[in-house]
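Chains as they are written, first to last, in this note's numbering: chain A, 1 to 123; chain B, 1001 to 1535; chain C, 2001 to 2455.
We treat Cβ as the ideally placed atom computed from N, Cα and C, and that holds for glycine.
Owing to the predicted nature of the structure, the values given are computational and were not obtained by experimental measurement.
To keep things clear, I will list the structure first and then write my remarks on it.
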């Protein structure tokens, strides 16, 4: 399994043709206490770079862009009851949704762990 | 400015070490005049009532078999309990009647009580909106007279009186623009809005079907005229400019902005939230504005009431007036004031109205108050209102700029509000902490984190109804908390300490929303509300 | 000027501190040509309290106050007795002159009141959650339509309006829909004893996002909403129920109980008074708590303070314009706070027992009025069912009759000609509202006046 990162602070775990998407520890730290996550509908098509989800803190609502194009196949329902998972476990239990990957060439240009870390250090 | 007040207290002097004042806990949870009050659902019962009404009599029933048989769950209290409940609640509120309320952009000025008396006159308070017009000519005259003065004060051509609040007025103005463009077959898609604008501006433009694009600001905190000109084109329906703007500055280039927008075939919407700074001094119509809403609860002192009702008449240029919504009033040459509605719009040659904003004629209860305010001040008084509001704000700006960062302090005088930022605060002490410390000093905080263009923004609007002594005391308090913020005083982070509540957990409220009272025990369990009995 | 505390000495001292020569130096950014050099044209100089009061009283006296007439107007605004305590409470400065409760530690009075208000409205409507109020019933109605559109995520664009929805409410919806590309299917009102539910249901299709029904309807009729809810839900549409007379819900089943998804209405009847149409009080509630995040307007919620004490805050604000800007659920930025307080105080004074008695008294008197008016030659009562308002047919232009009777201080009702100027066949209809403030003597006055004018 390979993990990729975007400069919008999302992580993507790729397993076969399915990607799991969430926001990074750095992102949750910037957003503060997460109070709600609006997830896409299962079965909906998302397009790389376009709105896919919204993550809300008390005073801000931030769009989460789809890191890749494809179909949403599963969403993390436990975020409905416990949005704080995004703060406590952003890169594991706090995942947002799973999607099929229609075009693997879209992975080009994404960062790996090391590159993302130095990207954040530079911010 | 350091003169002691009558009680001997001096700005910047702590009253006493509060730890030495701390007393024992109380069994009631009350602390003398600070009284805890339960919910009506916890103290009332469904059988109690504070209104004497006849017991239901048997008679005919034509409710179509839809009688409400299930319990509704509404608690009642007797009259003395009701008065006490709400009086106790009222004492947990800050209000202009208690002290200076420096919320920038919100214009918390004194609410004259004459206006309350006038609004309650039976000819205004006790008339139905659909009474035959011959029985409400006086009410129509009030609407018309206020409309007249709003037109005169703004130098515009017409006014739509029906919008129910500022944001509703904004919508009305933008819909007039859209209707005017559509009438000439011109489908434009974009409204330009400065970054510093209030959130209602983009929300309104988006609602009216427009795409919103930002207008950049220059280093002075004003609209960048050249950047704006560069963006104008056949796709731009108009601009929404707040003037004076949300940084508290007058848009010097307003006329040039209007000319450029008109040249490009667009319209100019002016957010009139800050009209109080220029009323009687400058007429927006002379600056080329096509539409501007006026918050009667700001400039013309109708009460804010804990969040409304507002009232947002929109003045319109000659180009937009034909599209204004129904209903409205019109005075004919014989002096009679008419109500123009769907049924008689053609008689008054008003056939292009874009529609109707609300069921009835607007906020009559606010019109009477605003008219009483305008007549009380008169031409000389209104001018003085603007001058004193601007004077008070500049006094605050210049008295505090040595201790608080004033990002546009170099841009010339401010108008009715002074803008500061959080630069120089120690460690992780924030604007929020400073605001909460101001609560301990007995003040409502200023507007925080708005406009978005200044980090940790603090927007201070004193209004014209504050005395110099009141300003000096406030300046002393704000200076003190600013100094503590810069010195890294950690006690700011736990403020307020002396309010009816300590800092409230907004994260908890949003994560697990509890938005209505629910019986603490499920049905069939412990006694329900009505069985518990009241006090 | 009595509202301005600064003295000339203060002003000079302050100008000196600022470093400005005179006050005009503070207006230096206003271009010369835009500055007014003289007073506003025609506006007199400042006036004393006595003089202003006199002027306003003169205008007030030119109106016929409801209390001075035999009064039967309704159609969206009703004359009810408001207890004296209500006006006393809303004039307390701590409520009257407070701002929106953005600093919750010093606004618990307003916030707790709003929490109680939301709870009262939710109970009254048979819903899970109500918001902290909207401008009025008509704008709340449009906001409900817009919300249903958001829930349909723009996939359904059709809005089916009942023909018996208040025409001004329908007009507001149609006005706003012009700008949002929603398709409005609006029928004309039918002058029948019961509303045409079958016709309404037939207009609901797969593309329908919401169905809007008034209860009791503009002609005063009441109908079981459950079949309409069922039909709407079968097509994936939401049922929006509009109520303009909250007192009715002390006697009638709640819309939520019958399956309405969004319930909106006018709260003016409870505590607010007639006020020539405003300010009024928009009520807005949803039956299913999952729809809360799609709601417009302010919401007050319970939480705790740093010491664990219960308190209240405005919450879920990310829906609102000040955070979401162009993506907000609505551009609304205010509520009708003081009117919500008036409603809440009046409702607390009534309590459930009082509300039920008030409702039954309204209904009793309305039944008496309907029976009496039915006996007037030429008059027929349209309704099979009603609460405190019903429609009569006069066999002649009702608008002219209303105007004639007004000259005798009889305000007979709202003519359908006033409300539906384009529908000549409705012109003989008159909506008559009867409340606890109506006396049997008033009813007799109206009946005799009608007998005379129709003879």
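For residue i, which residues does DSSP report across the bridge?
i                       : result
residue 65 of chain A   : A:51
residue 2103 of chain C : Answer is none; residue 2103 of chain C lacks a bridge partner.
residue 2300 of chain C : C:2314
residue 2063 of chain C : B:1136
residue 2214 of chain C : C:2242
residue 2276 of chain C : DSSP, once it has assigned bridges, lists no residue as partnering residue 2276 of chain C.
residue 2158 of chain C : C:2183, C:2208
residue 1416 of chain B : In the DSSP output, where bridge partners are listed per residue, residue 1416 of chain B has none listed.
So which residues on chain A does residue i lean against when the C-beta distance must stay under 9 Å?
i                       : result
residue 2318 of chain C : 35, 36, 54, 56, 57, 58, 59, 60, 61
By the criterion of Cβ-Cβ separation under 8 Å, what are the contact partners of residue i in chain B?
i                       : result
residue 2184 of chain C : Within chain B, no residue comes near residue 2184 of chain C; the closest Cβ sits about 12 Å away, beyond 8 Å.
residue 2273 of chain C : 1125, 1126
residue 83 of chain A   : 1511
Might you give, ordered along the chain, the residues of its own chain that have their beta carbon closer than 6 Å to the beta carbon of residue i, omitting 5 neighbours on each side?
i                       : result
residue 14 of chain A   : 2
residue 2015 of chain C : none
residue 2176 of chain C : 2142
residue 1433 of chain B : 1492, 1493
residue 1001 of chain B : Summary for residue 1001 of chain B: the model assigns pLDDT 39, below 50, so the residue's position carries little reliability; its value from the coordinates is reported in the next sentence. Excluding residues within five positions, the ones whose Cβ falls inside 6 Å are 1472.
residue 1109 of chain B : 1301, 1463, 1465
residue 2415 of chain C : 2398, 2399, 2402, 2430
residue 1525 of chain B : Note on residue 1525 of chain B: pLDDT 45, under 50, position unreliable in the model; no value is reported.
Run down chain A in chain order and give the residues with a C-beta less than 8 Å from the C-beta of residue i.
i                       : result
residue 2323 of chain C : 59, 60, 61
Please return the same chain residues whose Cβ sits closer than 7 Å to the Cβ of residue i, not counting the five positions on each side in sequence.
i                       : result
residue 1500 of chain B : 1034, 1092
residue 1530 of chain B : Residue placement at residue 1530 of chain B is flagged as unreliable, the pLDDT there being 40, under the threshold of 50; the coordinate-derived value follows with that caveat. Cβ neighbours of residue 1530 of chain B beyond the five flanking positions: 1045, 1046, 1047.
residue 6 of chain A    : 67, 110
residue 1300 of chain B : 1370, 1373, 1374
residue 2252 of chain C : 2222, 2387
residue 2298 of chain C : 2131, 2132, 2314, 2335
residue 2368 of chain C : 2440, 2443
residue 1486 of chain B : 1424, 1425, 1426
residue 1275 of chain B : 1294, 1299
residue 1155 of chain B : 1283, 1284, 1285, 1286
Compute the beta-carbon to beta-carbon distance between residue i and residue j, rounded to the nearest angstrom, for a pair I have assumed lies under 8 Å.
i                       : j                       : result
residue 1478 of chain B : residue 1400 of chain B : 6 Å
residue 2118 of chain C : residue 2347 of chain C : Actually they do not touch by this definition, with Cβ atoms about 12 Å apart.
residue 2363 of chain C : residue 2387 of chain C : 6 Å
residue 2053 of chain C : residue 1118 of chain B : 7 Å
residue 2188 of chain C : residue 1053 of chain B : In fact, because the Cβ distance is near 39 Å, the residues do not count as touching under 8 Å.
If you follow the alpha helix (DSSP H) that residue i is part of, which residue opens it and which one closes it?
i                       : result
residue 30 of chain A   : 25-31
residue 2441 of chain C : 2440-2454
residue 1513 of chain B : Neither: residue 1513 of chain B is in no alpha helix (DSSP H) and is coded neither H nor E.
residue 1478 of chain B : 1468-1487
residue 2197 of chain C : 2197-2202
residue 1536 of chain B : Nothing can be reported for residue 1536 of chain B, as the shown portion of chain B is limited to 1001 through 1535.
For the beta strand (DSSP E) containing residue i, list its first residue and its last residue.
i                       : result
residue 98 of chain A   : 97-100
residue 1383 of chain B : Run containing residue 1383 of chain B: none in the beta strand (DSSP E); it sits in the alpha helix (DSSP H), 1364-1400.
residue 2281 of chain C : Looking at the DSSP string, residue 2281 of chain C is not in any beta strand (DSSP E), and its letter there is neither H nor E.
residue 1328 of chain B : 1328-1331
residue 1269 of chain B : 1267-1271
Quick one: list the residues of chain B neighbouring residue i, beta-carbon separation under 9 Å, in chain order.
i                       : result
residue 2338 of chain C : 1303, 1304, 1305, 1306, 1307, 1308, 1309
For residue i, I'd like the list of residues in its chain whose CB is within less than 8 Å of its CB, leaving aside the five on either flank, ordered along the chain.
i                       : result
residue 1532 of chain B : Unreliable positioning characterises residue 1532 of chain B in this predicted model, as indicated by a pLDDT of 39, which lies under 50. The coordinate reading is nonetheless provided below. Cβ within range, chain order: 1045.
residue 1196 of chain B : 1217, 1221, 1242, 1245, 1246, 1247, 1451, 1452, 1453
residue 1442 of chain B : 1099, 1477
Can you pull the chain F residues whose beta carbon is under 7 Å from the beta carbon of residue i, in chain order?
i                       : result
residue 2045 of chain C : In the displayed structure, chain F is absent; the protein chains listed are A, B and C.
Kindly list, in the order they appear in chain B, the residues whose Cβ is closer than 7 Å to that of residue i.
i                       : result
residue 2042 of chain C : 1152
residue 2035 of chain C : 1281, 1282
Applying a beta-carbon distance threshold of less than 8 Å, which residues of chain C neighbour residue i?
i                       : result
residue 1519 of chain B : None at all; the shortest Cβ gap to chain C is about 11 Å.
residue 1399 of chain B : 2017
Taking residue i as the query, report the chain C residues whose CB atoms sit under 9 Å from its CB, ordered along the chain.
i                       : result
residue 1101 of chain B : 2097, 2098, 2099
Check the Cβ of residue i against every Cβ in chain A and list those closer than 7 Å, keeping chain order.
i                       : result
residue 1141 of chain B : Here the premise fails: no neighbours, minimum Cβ distance about 46 Å.
residue 1506 of chain B : 58
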